[in-house]
Every structure is written in C-alpha cells, then in structure tokens.
Amino acid sequence: QKEVEQNSGPLSVPEGAIASLNCTYSDRGSQSFFWYRQYSGKSPELIMSIYSNGDKEDGRFTAQLNKASQYVSLLIRDSQPSDSATYLCAVIFGNEKLTFGTGTRLTIIP
Amino acid sequence: GAVVSQHPSWVICKSGTSVKIECRSLDFQATTMFWYRQFPKQSLMLMATSNEGSKATYEQGVEKDKFLINHASLTLSTLTVTSAHPEDSSFYICSARARDRTLYGYTFGSGTRLTVV
C-alpha cells in the first residue's frame, strides 16, 4: 500500500511568521513530489514540485526533500492570511498515479 | 499554461438518475486522465485512470459499472455517475497528464460538486 502521511492539523501560525508543513511517504523509490494548496470548495492548485534532494525555492515558498528519510516539507515565509488553506502533499509512485496525503489545514492569524 | 476545463461546476440530481461530468484539456493533449472524489474534510481519493482510446483502470472498491469513464479523444474525458444515490454526493475532480510531462505535469479541473437528493 503506497501511502502519504501528513499531520492533519489544524496548524495556526501568526501573520508574518514561517509556516512549516511536513509529509512522509512510504515508497523509497518515489521520484516526484508536489505540494498543492486547496481552498474550501475549490480544486487543488500546484504550489511547488520537487524531484531532487535539497531545497527548492519559489518566492515565499521553499520545498525540502530528503529521499533517505522519505520526507518532504514546505516552508511558507512571511505568512499571509491568504495562505490560510489546506495543503496537500502528493507523491507519484511507480505506477505513475498521483497519491495525495490527507492534507494539513493551515490558518494564518492576523 | 495548461488548462483543464471541467463542466458542470455543480449539479443537483434526483436519486436514480445519471449525471455526466466532462473534462477538456484546452491547450494540450491529455494522454491520461485521472478522476478523483473528495468527501468533506477528506483528501482526494483516486477513483480511476483512463488513457486515451483504452478502457479505464479502476481503483479497488470503485464500481466500474456505476462510474463510467470515457476517454475517446486526447482532449476530452467524461465521467458518468449512473443511478446516483445520496451517498454519491461528493466533489469530483479530474486531473490531466500531458504527453509532455515535463512541460505540463498534472493539471486539475475546477471540480464538480454533485448533490443527489
């Protein structure tokens, strides 16, 4: 069973602080990892993709991947109220199906 | 960028009737389409995978005779919920994977909220 695990939260972070979201996955052979943001009642939107160990930065977002630990994280710097949403970690396993974690609900407190 | 148009965005139907949901890739060829279902406060659960011109592959526990998937062209896939019941009420989302995966990756439709009364 291919699994993606996330802390469901809710995670509350003060505005302007760093929000840290974590994800672990079960298949050591996985090569592609994604973070999606989903607002209530809306479809997921891609924030970041990461394929290699290390950090990948895009604006206020940084994705971190550690394949040895089977761990991927997302940092959001200078958190804004508009960042309040559910964040979904997704992993492509060997069968090329995108498998989602349960999501972490993030609330930015003004 | 890649766009997937999903229609309708919401639908209410009577129990026992069928509902068709369409997903179209507007500016790329979707060789594979994934159909997901999401219940309130839960994550996306993959229902089935369809490749253009082939029969869909359904995930364990998903009734293929109830959820009919057609992927007849590289730009259109449809999901038909047959003989819908209130427990089928959910948010259905399609995701298209392009032939050129490095360029477009996985692109999601806007979702369809189905309510069966």
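Protein chains in written order, with our numbering: chain A, 119 to 228; chain B, 3 to 119.
Positions of the beta carbon are idealized from the N, C-alpha and C atoms, including for glycine.
- Around the beta carbon of B/I14, fewer than 16 other beta carbons sit within 10 angstroms, so the residue counts as exposed.
- Secondary structure remark: continuous beta strand (DSSP E) runs of at least 3 residues inside the segment 25–103 of chain B, in chain order: 32–40, 47–53, 69–75, 78–83, 92–100.
- Taking C-beta atoms as the reference points, A/K160 and A/I168 fail to come closer than 8 Å.
- Taking one beta carbon from each stretch, the segment 188–208 of chain A and the segment 3–11 of chain B have fewer than 3 pairs nearer than 8 Å; the two do not touch.
- Ranked by how close their Cα comes to the Cα of A/S150, the residues A/S170, A/I227, A/S187 have A/S170 in first place.
- 8 Å or more divides the Cβ of B/C25 from the Cβ of B/S85.
- The beta-bridge partner set that DSSP reports for B/F110 consists of B/S97.
- Where A/I194 is concerned, the enclosing beta strand (DSSP E) starts and stops at 189–194.
- Under DSSP, A/K174 forms a beta bridge with A/A181.
- Taken through DSSP and simplified to helix, strand or coil, B/S7 comes out as strand.
- Using a CB distance below 9 Å, the part of the segment 152–179 of chain A facing chain B consists of F152, Y154, Q156, G159, K160, S161, P162, E163, L164, S167, ordered along the chain.
- Of the candidates B/F69, B/S92, B/N53, B/I95, the residue whose Cα lies closest to the Cα of B/S75 is B/N53.
- Judged by beta-carbon spacing, A/I227 lies beyond the 8 Å limit of A/P128, meaning their Cβ atoms are not closer than that value.
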